[in-house]
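Notes follow once the structure below has been shown.
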Amino acid sequence: MAGVDPATRKKVLRVISISLLLDLISFTFILPLFPKLLEYYRDSEAPAFAVSPENAPQAQIQTQTLLQTILAYLNAYKQSFDRKIDSRHDIAIASPIIGRISDRYGRRNALLASMTGNIFSVLLWIAAVDFRTFLASRVVGGLSEGNVQLATAMATDISDENNRGSTMAIIGACFSIAFSFGPMLGAYLSSIEMVARNPFATAASVSLALIVLETAYLWACLPETLPSKTTLFSDSSASEKQKDKPAQRQPDTPAVQRTNSFALLSAIHFVFLLFFSGMESSLSFMTYDLFGFTSANNGRLLGFVGIVASIIQGGVTRRMPPLRCVRIGVVTCLAAFMILSRVSTVSGLYAAATCLAITSATVVTGLNALTSFEAHAAERG
Numbered sequence: 002m003a004g005v006d007p008a009t010r011k012k013v014l015r016v017i018s019i020s021l022l023l024d025l026i027s028f029t030f031i032l033p034l035f036p037k038l039l040e041y042y043r044d045s046e047a048p049a050f051a052v053s054p055e056n057a058p059q060a061q062i063q064t065q066t067l068l069q070t071i072l073a074y075l076n077a078y079k080q081s082f083d084r085k086i087d088s089r090h091d092i093a094i095a096s097p098i099i100g101r102i103s104d105r106y107g108r109r110n111a112l113l114a115s116m117t118g119n120i121f122s123v124l125l126w127i128a129a130v131d132f133r134t135f136l137a138s139r140v141v142g143g144l145s146e147g148n149v150q151l152a153t154a155m156a157t158d159i160s161d162e163n164n165r166g167s168t169m170a171i172i173g174a175c176f177s178i179a180f181s182f183g184p185m186l187g188a189y190l191s192s193i194e195m196v197a198r199n200p201f202a203t204a205a206s207v208s209l210a211l212i213v214l215e216t217a218y219l220w221a222c223l224p225e226t227l228p229s230k231t232t233l234f235s236d237s238s239a240s241e242k243q244k245d246k247p248a249q250r251q252p253d254t255p256a257v258q259r260t261n262s263f264a265l266l267s268a269i270h271f272v273f274l275l276f277f278s279g280m281e282s283s284l285s286f287m288t289y290d291l292f293g294f295t296s297a298n299n300g301r302l303l304g305f306v307g308i309v310a311s312i313i314q315g316g317v318t319r320r321m322p323p324l325r326c327v328r329i330g331v332v333t334c335l336a337a338f339m340i341l342s343r344v345s346t347v348s349g350l351y352a353a354a355t356c357l358a359i360t361s362a363t364v365v366t367g368l369n370a371l372t373s374f375e376a377h378a379a380e381r382g
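Per this note's numbering, the very first residue in the sequence shown carries number 2; after that it's consecutive.
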């Protein structure tokens, strides 16, 4: 396989990591705000006149807003599947399309196009004085969200089997660091009111500034990493080294043979994210209902998860075999779900959050590393 010299790999990985940090910090601003966001839109779109017992049925029909309609359907949906509004199925639809575009037109072009969609999404959030506009911003953001997938693909492009596990751990560490600061910063910014009709415009504006900065940084510093469209890969030097050292390369062949099924890994990844991402999106609603958590309380809780995950990512995950990471993470995920199903105290909530932090630091990183081992160069993206 073509190789990237260590200096180039380090430079590209630094650009990917910084851009991913900016993107994820911006993305996590909104996580602790969801309960208050929906409460604000519900109250602002509530009927402006008093409803008497005589006209209640007719008034309810005439004044039902989009948010009330969606919440009614979500309530029925939740009773069957226990899901929340931010499950983000639009990301699942967009990801394969963005991946195919990156394979055809290059990672850099696909990422810059994705960033354009993200900028438009946050602009809609700034202008969201009603729920329809806010919902449109979330849909646009989901349909254009390809940063994480493309960052993972680029990290795979520039790494080989010897350093891919540690490279994926660095990508995972960006998630943990972002979750350490993003939610708390978002909760703080939500307390600063710049626009009366949109009390969350301050958080949205700072989020926009971070995304614009990220886009400019990527445009200026990120090279193309797709092997078929770049000169980063030293094919000739790699082939010469193989010719010069046939005895050293030959014994490595059995060691890189894998027995993991790509379909099985994909299925495990899908099932895990189906439940874990739904739980993550629902956590702030759960704490709001059970403990009356404010945005600041939720920000501190999510920040705690990020800090613990960062410590584990830096000290444990990058040194551990990927399969063991996955096994440990799945067990702690099960423990977290069991604790959350019976939680009645804040201390129990933080115990579950500790288990969630371990899961966040291990499972996806391990699965990404295992999957990248199975994929050929032409299949990554």
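The C-beta atom is built at its ideal place from N, Cα and C for all residues, glycine as well.
Residue burial is scored here from C-beta neighbours: L275 has fewer than 16 other C-beta atoms within 10 angstroms and is therefore classed as exposed.
A check of alpha carbon separations from R139 across G173, D161, V123 identifies V123 as the nearest. By alpha-carbon distance to F176, the top candidate from R10, S373, S96, V365 is V365. Within the same chain, and ignoring the five residues on either side of V207 in sequence, the residues whose Cβ sits closer than 6 angstroms to its Cβ are L190. Between F286 and T346, the alpha-carbon positions lie close to 16 angstroms from each other. With a cut-off of 8 angstroms on Cβ pairs, the region 349-366 is in contact with the region 307-325, counting three or more such pairs.
Just measuring C-alpha positions, the residue of L350, T134, I340, A221 sitting nearest R198 is T134. Per DSSP, reduced to three states, the secondary structure at N199 is strand. Between G367 and G330, the gap from beta carbon to beta carbon is short of 8 angstroms.
Distance between L151 and S296, taken at the CA atoms: about 31 angstroms. With at least 16 other beta carbons inside 10 angstroms of its own, S160 counts as buried. A111 counts as buried, since at least 16 other C-beta atoms from the protein chains shown sit within 10 angstroms of its C-beta.
Judged by beta-carbon spacing, F182 lies within the 8 angstroms limit of G304, meaning their Cβ atoms are closer than that value.
The three-state reading of DSSP puts A129 in coil, since its state is none of H, G, I, E or B. The three-state reading of DSSP puts P36 in helix, counting H, G and I together.
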